[in-house]
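In the working numbering, the protein residues as written are 3 to 81. In what follows, a structure is listed as structure tokens, so that the remarks can point back to it.
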């Protein structure tokens, strides 16, 4: 694997093998994540920086944050 791909994979967290982020949607043998080249790649602002991950890895985080926001609004309206 060339150094460019290796360095790119080390900067993005994800589930992988030997430090390489693998795509769960590959139809054949496991393939490298395409990252910005994939339709499921999403970048969200986290603090001061943009963090990119597969939509599947963001889903549980967004669900928890949405639920917490709903609970806060519910508590505010009840008081």
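Backbone N, C-alpha and C define an ideal beta-carbon position, used for all residues, glycine too. Fair warning: this is a prediction, and the values are worked out from it, not measured in the lab.
| Are the Cβ atoms of residue 45 and residue 39 separated by less than 7 angstroms? | Indexing the chain shown from 1 puts residue 45 at position 43. Indexing the chain shown from 1 puts residue 39 at position 37. Result no, Cβ atoms of residue 45 and residue 39 do not sit closer than 7 angstroms.
| field | Euclidean distance between Cα positions of residue 69 and residue 35 | value | Sequence index remark: in the chain shown, residue 69 carries index 67 (1-based). Sequence index remark: in the chain shown, residue 35 carries index 33 (1-based). About 29 angstroms.
| message | I'd like to confirm the pairing. Which residues does DSSP put opposite residue 65 in its beta bridges? | response | Here residue 65 refers to the residue found at position 63 when the chain shown is read from its first residue. Partner(s): none; residue 65 has no beta bridge.
| query | Using the rule of at least 16 other Cβ atoms within 10 Å of the residue's Cβ for burial, across every protein chain shown, is residue 51 buried or exposed? | reply | Start at 1 with the first residue of the chain shown, and residue 51 comes out as number 49. Answer is exposed; the Cβ neighbour count stays below 16.
| request: Whole angstroms is fine: what's the gap from residue 79's alpha carbon to residue 67's? | output: In the chain shown, residue 79 corresponds to position 77, counting from 1. In the chain shown, residue 67 corresponds to position 65, counting from 1. Rounded to whole angstroms, residue 79 to residue 67 spans 19 angstroms at the Cα level.
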